[in-house]
């Protein structure tokens, strides 16, 4: 029903609700086009027809003309576009769908939003890095690392995550937090090597795995999604944030690698690592997707869809690499396109945000672990690994663009039906 405030002009309360919903959805990691579409439909459901929703980076503006007299405007700003919280995204998505479907009074819509924002996280805080640890194990094994290297990569990831939480409490710019985590990864890897717990190959696998998990993959996915949806300014702001994170990884890693040159690295070294059997690669793809769901704060209801996404992603990638003999550097972005399309199907079936599903499916099978490993080996033996690292960043960007393309193709396909 249309909203009417006590003193006459409609939409005041509804505009407040729509503004809060828009900001909350952006802060949880939803794609801008999806947010604007959902909020616009909520406006119609609340009787605020003709409302315009405009996002410019973090700034949200909602306008509504009140008859021929004047326009009512609400302006707000999201705190950050860097957060990716799958469960919060799901809760807010369900609030929007409930409002669109049931057309409630504004007071009830506001209460639904308040409940969604107050809801407790699905896991205790310490479970989230546990999901990352599972993901790290799967990536390390998929790259070809030993079980010992994979287990220690998981331990180092938890330690690096705690370091990030500690540095984050200082409220420094995010680049310094990422730089500290990147340097800590190299330092811990070198310490494990010096202690004789890992050979040089295992050390490089450990560092490569943890560096990959520091990469701003969610931002890269959303950059591509916003760019495809002609949200250029928002995409540019996300790109700047992602660039700062990549610089942080580079700065911290470069400083730590320079210091690690005092350590004498010797022993057998291999630029290529063992390849897993297809069946084992599929198992690790499924487990990696489940770990990725937890690592990005997805709740229990996201685990089965994540497993499905992992299986589909892993199977397509293995078919391209082994049956079609496509090079892995090309197979990964192609698989990401299929992943994005599949994410739309799974998201609709399980009533989940498509952006969350697309991110979760980008598992260890697609991340360029071997490329980062090769760059690290070059650096540890005093040769430039810049080319490998630049290639790895390019692959991550291509993964985001491919997944965004797949989502866009799915959206267009259902609109034609």
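Residue numbers (this note's numbering): 162 to 578.
Backbone N, C-alpha and C define an ideal beta-carbon position, used for all residues, glycine too.
Check	Outcome
Can you find at least 3 beta carbon pairs, one from the region 286-300 and one from the region 447-459, that sit closer than 8 Å?	yes
Between the region 200-216 and the region 257-272, do at least 3 Cβ pairs fall closer than 8 Å?	yes
Alpha helix (DSSP H) containing residue 497: first to last residue?	489-511
When DSSP labels each residue in this structure, what does residue 186 get in the three-state scheme?	helix
Is residue 496 buried or exposed, if buried means 16 or more other CB atoms sit within 10 Å of its CB?	buried
Helix, strand or coil for residue 244? Go by DSSP, reduced to three states.	coil
When the distance is taken between beta carbons, is residue 211 closer than 8 Å to residue 232?	no
Whole angstroms are fine: how far does the CA of residue 569 sit from the CA of residue 389?	8 Å
Give the list of continuous alpha helix (DSSP H) stretches no shorter than 4 residues that lie fully inside the region 254-294.	267-279
Check the DSSP bridge columns for residue 482 and list the partner residues they point to.	Answer by DSSP bridge pairing: none, since residue 482 is not bridged.
Starting from the C-beta of residue 281, find all residues in its chain whose C-beta is less than 7 Å away, skip the five residues before and the five after it, and write them out in chain order.	none
From which residue to which residue does the beta strand (DSSP E) around residue 238 run?	231-238
Give every residue of the same chain whose Cβ lies closer than 8 Å to the Cβ of residue 567, excluding the five residues on either side of it in the sequence, and list them in chain order.	497, 498, 499, 500, 501, 502, 503, 504, 505 and 519
If you measure between the beta carbons of residue 367 and residue 417, is that distance less than 8 Å?	no
Shortest alpha-carbon distance to residue 345 belongs to which of 546, 299 and 375?	375
According to DSSP, is residue 217 part of a helix, a strand, or is it coil?	strand
With 16 other CB atoms within 10 Å as the buried threshold, where does residue 443 fall?	buried
For a quick check, are the C-beta atoms of residue 381 and residue 558 less than 8 Å apart?	yes
Just mark residue 445 as buried or exposed, buried being the case when its beta carbon has 16 or more other beta carbons within 10 Å.	buried
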